[in-house]
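Please read the structure below before turning to the comments.
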Amino acid sequence: MTGVMVPQETRVESSRPHIMVFPFPAQGHLLPLLDLTHQLCLRGVNVSVIITPQNLQYLSPLLSAHPSSVTSVVFPFPPNPSLPPGVENVKDLGNSGNLPIMASLRKLLDPIILWFRSHQTPPVALISDFFLGWTHDLCHQIGIPRFAFFSSGPFLASV
Numbered sequence: 174m175t176g177v178m179v180p181q182e183t184r185v186e187s188s189r190p191h192i193m194v195f196p197f198p199a200q201g202h203l204l205p206l207l208d209l210t211h212q213l214c215l216r217g218v219n220v221s222v223i224i225t226p227q228n229l230q231y232l233s234p235l236l237s238a239h240p241s242s243v244t245s246v247v248f249p250f251p252p253n254p255s256l257p258p259g260v261e262n263v264k265d266l267g268n269s270g271n272l273p274i275m276a277s278l279r280k281l282l283d284p285i286i287l288w289f290r291s292h293q294t295p296p297v298a299l300i301s302d303f304f305l306g307w308t309h310d311l312c313h314q315i316g317i318p319r320f321a322f323f324s325s326g327p328f329l330a331s332v
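Okay, structure coming up:
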């Protein structure tokens, strides 16, 4: 990877539990995980949400409802030759965008590790979309547990 991606972040300092959330940028994945994030905030958890600039708009309701609990960690979307410039969400391409978007987001591994290691109160766990399986390696490297979020429901996951 060339260059260093530095995220934009709004810091929230507190002694409350702090977790990191990483949604996959497709409405059927992103919105349910943000709903879970809302529920966690209602229960006293601080949450840092990893997001890209074109998807930041989906955080607005959470940031308004929980200004002292939700932190946006905005990383530039890594380019991919299979994606048109500016595309950061599956809704812009349909299902054909899933694999190239997954490949692009994997390039955030090192920038996320740098962010984590420089954070004064780093998260104690990560909840990431099941499409982001590489985050298991991320969590192994930074020493926190990863919880996979399945937005499809238990029946489909069991089949």
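Last residue of the sequence shown? That's 332 in the numbering used here, and every number before it is there in order. Just so it is clear, CB atoms sit at the ideal spot from N, CA and C, and this is done for glycine as well.
- A check of alpha carbon separations from Pro318 across Phe304, Ala298, Asp302 and Trp307 identifies Ala298 as the nearest.
- Residue Ser325 holds the alpha-carbon nearest to the alpha-carbon of Asp302 among Thr294, Ser325, Lys280 and Gln227.
- Across the structure, Val247 and Ser255 are spaced so that their CA atoms are roughly 22 angstroms apart.
- At the C-beta level, Ile223 and Met193 come within 8 angstroms of one another.
- Taking the Cα positions, Gln314 is about 15 angstroms away from Lys280.
- With a cutoff of 8 angstroms on beta-carbon distance, Val263 and Asn253 are scored as not near each other.
- Here Ile300 is buried: its Cβ has 16 or more other Cβ atoms, across all protein chains shown, within 10 Å.
- Distance check between Leu215 and each of Gly267, His239, Thr294 and Leu266 places His239 closest, using alpha-carbon atoms only.
- Each residue's CA atom was taken as its position, placing Leu287 and Pro296 some 13 angstroms apart.
- Residue environment for Asn268: exposed (fewer than 16 other C-beta atoms within 10 angstroms of its C-beta).
- Nearest to Pro249 by C-alpha distance, out of Ser233, Leu236, Cys312 and Leu278, is Leu278.
- In the DSSP assignment, the residues bridged to Thr244 are Ser221.
- Leu207 and Pro257 have their C-alpha atoms spaced approximately 26 angstroms apart.
- Counted as a single uninterrupted DSSP element, the beta strand (DSSP E) harbouring Arg319 occupies residues Arg319 to Phe322.
- DSSP places Phe289 inside the alpha helix (DSSP H), whose first and last residues are Leu282 to Ser291.
- When the beta-carbon positions are compared, His202 and Phe320 stay at least 8 angstroms from each other.
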